[in-house]
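Those letters in the sequence shown? Residues 5 to 709, per our numbering, in order.
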Amino acid sequence: MTAQSTTAPERMDVHAIGASLSRLDGPAKVTGSARYAFEQPVPEPLYLHPLQATIAAGRVTSIDTGAAMAETGVLAVLTHLNALRVASTDDPELAILQSDRVAFRGQLLGGVIAESSEAARHAASLIDITYQPSHHQAELRADSDDLYAPEQLNAGFPTDTCQGDVDQALVSAARVVDQHYTTAMYHNNPMEPHATVAIWSDDGLTLYDSTQGVHQVRQVVAPVLGLDPDRVRVISPHVGGGFGSKGVPHAHVILAAMAAQLVAGRPVKLALTRQQMFALVGYRTPTIQHVRLGADADGRLSAISNDVVELTSRWKEFAEQTGAPTRIMYAAPNRRTTHRLAPLDLPVPSWMRAPGECPGMFGPEVAMDELAIACGLDPVELRIRNEPEVDPESGRPFSSRNLVACLREGAHRFGWEKRDPTPRSRRQEGWLVGTGMASSTYPVNRMPGSTATIRARSDGRFSVTIGAADIGTGTWTTLTQIAADVLEVPMERIEMHIGDTSFPFATVAGGSSGMTCWGSALVEAAGNLRACLDRDHAGVLPAEGVEATGHLPDNPWKEHYAMHAFGAQFAEVRVHEDTGEVCVPRLLGVFAAGRIINSKTGRSQFLGGMTMGLSMALHENSVVDPRYGHVANHDFAEYHIATNADVGSVEVHWIDEVDPYVNPVGSKGIGELGICGTAAAVANAAHHATGVRVRELPVTLDKFL
Ligand code: MOS
């Protein structure tokens with residue numbers, strides 16, 4: 005295959021791929037035998053309870069550990085005075101306990117190591133820390149005078165883009181939408197808290213860690229601790245969710261390693277509490293989006309722009325790519341996206357399910373609804389009318405783009421044609437009822453380096469090893485399906501091994517790239533295994549077996565095509581006429597995401613994404629108290645996540661999309677697509693129900709009163 009060839013590469017034959025299969029690790033999980041990080045059996049473990057700063061900025065002036073050390077079962081108190089010196093301070097989030105400086109409330113200042121977690125926690129409460137506070141700023145404002153443009157955004161996206169002249173185009177546009185939209189701060193909150201077990205031995209450091217990527221933990225942690233990466237082993241067979249918060253190791257992993265070094269030889273276990281997670285493992289930055297659309301009277305866009313203000317920690321920069329989806333969604337000759345960061349004395353933001361695309365599909369997709377009304381057009385039709393022929397910013401064709409098919413299929417399945425577009429036109433038993441929709445998109449991501457090894461054994465079985473992660477997505481099952489297909493054997497003959505740095509390198513379970521990166525490496529390994537058998541063994545398996553390795557191949561098509569998945573989200577919303585109470589009895593999504601490897605676990609991914617989008621629309625909101633730089637609602641009693649009673653019917657469909665350019669598996673990635681656009685569909689439906697336009701998430705009852 006070369007980039008110059010004009011014919012698309014051939015796709016593999018499929019049998020197990022696409023099947024609706026229950027997850028292979030399901031029985032182990034429901035019977036409790038699947039081991040998560042904290043449960044790993046290690047000899048004579050000690051327990052670590054962190055100490056956290058209670059001021060937003062300043063210095064520690066003293067730490068009195070006397071009462072804690074006097075407690076039975078306490079072995080040591082770790083602070084900046086006795087912590088090991090790190091070998092690299094390049095990542096300020098990870099270079100903890102190196103000075104007395106406090107950069108945000110909740111920052112790690114040390115920890116208590118004891119024979120039980122209860123003893124450690126109690127002793128931690130006896131430690132007296134005094135501070136010299138300094139001025140801090142913790143309020144996000146679009147008019148702050150210290151906003152700055154980052155050099156680039158997360159994942160390497162450019163900070164600003166500009167084509168034509170949006171200002172000029174708006175002057176001559178027949179219809180204009182010019183509004184501000186805001187998304188809240190959100191915390192990832194996977195079900196399994198972040199947990200690490202650290203053990204030092206003559207071989208180096210072993211970490212049982214709840215992570216989206218064992219090799220990423222090794223790559224990041226080793227240089228901080230001054231270790232050769234070969235001396236760090238990370239093991240993580242089962243993970244109870246991450247949503248991005250486990251995509252990079254956070255400071256608690258270093259804390260566990262430092263604590264274990266103080267009590268050399270004994271394993272140290274650390275599981276963060278839910279409240280600690282609100283300061284230590286990242287969050288999605290709140291955004292303020294100034295969206296402007298200009299169109300002619302028929303709704304054809306002449307201009308589209310999104311100027312974003314969002315926060316970063318002053319301590320370590322994170323720049324969410326909120327404007328990214330505006331760059332590819334709709335045709336408009338005049339275009340502009342900008343990102344400005346407000347540096348605040350807050351914890352470090354990080355990845356959360358669809359960084360950029362998730363918040364960035366709120367403002368513009370609500371604005372499109374407003375434009376449809378201004379043009380007297382159906383919002384589905386408005387989007388179809390602005391479908392670009394090529395990626396409007398790069399000019400490259402799309403490898404496949406089936407947004408229009410998703411919109412039409414979704415409208416049909418949802419019963420959209422029966423909709424009376426007049427707001428506030430439907431009432432049922434005291435409830436105002438409305439429907440709304442929005443588009444969805446997520447890029448096809450790939451990161452280089454994933455490698456898989458397959459060993460054909462004389463007992464007829466195949467051992468497959470790759471350091472991939474299953475964070476609840478179904479990797480154990482889907483990789484087994486891919487292996488079975490490419491080896492053309494039943495799934496029972498595949499022995500899958502993942503989640504360990506002693507297996508070949510795998511990229512992180514992030515950016516919805518798992519099947520692209522790991523799956524394609526597997527396809528290559530299988531091809532190499534077959535070639536090796538034929539070439540060296542005349543097709544006959546020798547008694548000692550045969551092993552072959554495969555890497556994610558470079559994709560020559562990536563320079564020629566824009567690669568994105570698309571979808572259409574539809575919502576029914578009810579708002580109570582008297583109380584303003586909001587509920588969503590019905591969501592329906594149709595997606596075009598290339599080949600779906602397992603229709604059962606794939607459906608679950610979309611279902612989960614849409615539910616998380618519903619939760620973002622109605623409930624989730626991390627409330628910062630700027631006086632203290634503190635998330636006030638830092639627990640599940642007050643940070644509400646949609647539960648069964650909040651979720652009505654959620655229907656998931658996809659169209660059969662064949663994309664020969666994305667990768668040998670034909671998949672585009674589905675972990676993040678489902679959350680994009682959901683909140684806009686809900687807000688648009690709420691407007692249709694009530695006539696009240698909510699531009700600030702979450703869509704709560706006070707906004708209708
Ligand atoms: Mo996902 S937020 O790319 O780990």
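Built from N, CA and C at the ideal position, the CB exists for glycine as well.
Given this structure, state the Cα-to-Cα distance separating residue i from residue j, to the nearest angstrom.
{"i": "F507", "j": "T210", "result": "14 angstroms"}
{"i": "H623", "j": "N86", "result": "43 angstroms"}
{"i": "M356", "j": "A513", "result": "12 angstroms"}
{"i": "R699", "j": "W561", "result": "39 angstroms"}
{"i": "I332", "j": "E97", "result": "33 angstroms"}
{"i": "T165", "j": "A335", "result": "15 angstroms"}
{"i": "H691", "j": "G476", "result": "35 angstroms"}
{"i": "G305", "j": "A596", "result": "Looking at the sequence shown, residue 305 is not Gly but Leu. Rounded to whole angstroms, L305 to A596 spans 24 angstroms at the Cα level."}
{"i": "Q265", "j": "R105", "result": "22 angstroms"}
{"i": "A7", "j": "F402", "result": "Its pLDDT being 37, under 50, A7 is placed unreliably by the model, and the measurement read from it follows with that caveat. Answer to the nearest angstrom: the Cα atoms are 15 angstroms apart."}
{"i": "P271", "j": "I659", "result": "50 angstroms"}
{"i": "H343", "j": "G515", "result": "21 angstroms"}
{"i": "T445", "j": "G681", "result": "8 angstroms"}
{"i": "A72", "j": "A61", "result": "25 angstroms"}
{"i": "D302", "j": "S176", "result": "14 angstroms"}
{"i": "A472", "j": "V257", "result": "19 angstroms"}
{"i": "G612", "j": "T134", "result": "44 angstroms"}
{"i": "F610", "j": "P347", "result": "34 angstroms"}
{"i": "S653", "j": "H198", "result": "31 angstroms"}
{"i": "K454", "j": "D232", "result": "At residue 454 the sequence reads Ser, which differs from the Lys that was named. C-alpha separation (whole angstroms): 20 angstroms."}
{"i": "Q220", "j": "E369", "result": "34 angstroms"}
{"i": "M262", "j": "W480", "result": "32 angstroms"}
{"i": "K604", "j": "S467", "result": "25 angstroms"}
{"i": "D29", "j": "G286", "result": "28 angstroms"}
{"i": "L464", "j": "R497", "result": "Looking at the sequence shown, residue 464 is not Leu but Gly. Computed Cα separation, rounded: 7 angstroms."}
{"i": "P557", "j": "P668", "result": "9 angstroms"}
{"i": "P392", "j": "F509", "result": "38 angstroms"}
{"i": "A646", "j": "R235", "result": "42 angstroms"}
Hey, out of the options, whose CA is closest to residue i's CA?
{"i": "I458", "options": "T647, V490, W435", "result": "V490"}
{"i": "Y40", "options": "A275, A91, Y135, V285", "result": "A275"}
{"i": "V686", "options": "V651, L618, R431", "result": "L618"}
{"i": "M495", "options": "G503, R387, V703, Q485", "result": "Q485"}
{"i": "K320", "options": "E551, P392, G503, A107", "result": "A107"}
{"i": "L592", "options": "A566, T291, V656, Q280", "result": "V656"}
{"i": "V588", "options": "A649, L537, E551, V201", "result": "A649"}
{"i": "S121", "options": "P425, G160, G77, Q111", "result": "G77"}
{"i": "T487", "options": "M195, S66, E528", "result": "For clarity, residue 487 is Ala in the given sequence; the question names Thr instead. The shortest Cα separation from A487 among M195, S66, E528 belongs to E528."}
{"i": "S240", "options": "S214, A255, T316", "result": "S214"}
{"i": "R1", "options": "I131, N310, T277, T505", "result": "Coverage of the chain is limited to positions 5 through 709, which leaves residue 1 absent and any answer about it impossible."}
{"i": "A127", "options": "E499, T439, H53", "result": "H53"}
{"i": "D395", "options": "L709, I470, A566, Q183", "result": "A566"}
{"i": "A621", "options": "G554, I600, F418, G367", "result": "G367"}
{"i": "D150", "options": "A283, R450, L701, L315", "result": "L315"}
Short of 8 angstroms in beta carbon distance, which residues of its chain neighbour residue i, apart from the five on each side in sequence? Order them along the chain.
{"i": "D582", "result": "G434"}
{"i": "A415", "result": "V384, E421, M441, A572, F574"}
{"i": "Q102", "result": "H84, A87, R89, V90, T93"}
{"i": "D424", "result": "R430"}
Would residue i count as contacting chain C if we go by Cβ distances under 8 angstroms?
{"i": "S603", "result": "The structure shown contains no chain C; it holds only a single protein chain."}
If I measure Cβ to Cβ from residue i and keep anything under 6 angstroms in the same chain, skipping five residues before and after, which residues do I get?
{"i": "A378", "result": "R179"}
{"i": "R339", "result": "Q167, I308"}
{"i": "V637", "result": "For the sequence presented, residue 637 should be read as Asn rather than Val. Contacts found: V627, Y643."}
{"i": "G695", "result": "P427, R428"}
{"i": "N390", "result": "L305, Y334, A335"}
{"i": "R461", "result": "G549"}
{"i": "L112", "result": "P54, I100, A255, L259"}
{"i": "H294", "result": "H184, D311"}
Could you name the residues of the same chain whose beta carbon sits closer than 7 angstroms to that of residue i, not counting the 5 residues immediately before and after it, in chain order?
{"i": "I388", "result": "V408, L411"}
{"i": "L705", "result": "T583, G584, E585, V586"}
Self-check item: Segment contact flag, the stretch 207-227 with the stretch 370-388, C-beta cutoff 8 angstroms, min 3 pairs
Solution: no
Exercise. Flag this pair as touching only if the stretch 209-228 and the stretch 653-665 have three or more C-beta atom pairs under 8 angstroms; answer yes or no.
Key: no
Self-check item: Inter-stretch contact at 8 angstroms, needing at least 3 Cβ pairs: the stretch 69-85 / the stretch 108-128
Solution: yes
Quiz item: Any contact of the stretch 16-32 with the stretch 245-252, i.e. 3+ C-beta pairs under 8 angstroms?
Solution: no
Quiz item: Does the stretch 356-368 come close enough to the stretch 178-195 to have 3 or more Cβ pairs within less than 8 angstroms?
Solution: yes
Practice problem: Tell me, please, whether the stretch 322-329 touches the stretch 347-354 by the rule of three or more beta-carbon pairs shorter than 8 angstroms. | Solution: yes
Practice problem: Count the CB pairs spanning the stretch 515-526 and the stretch 667-675 that are closer than 8 angstroms, and state whether there are at least three. | Solution: yes
Quiz item: Touch check for the stretch 248-267 and the stretch 131-145: three-plus C-beta pairs under 8 angstroms?
Solution: The stretch 248-267 is not in contact with the stretch 131-145.
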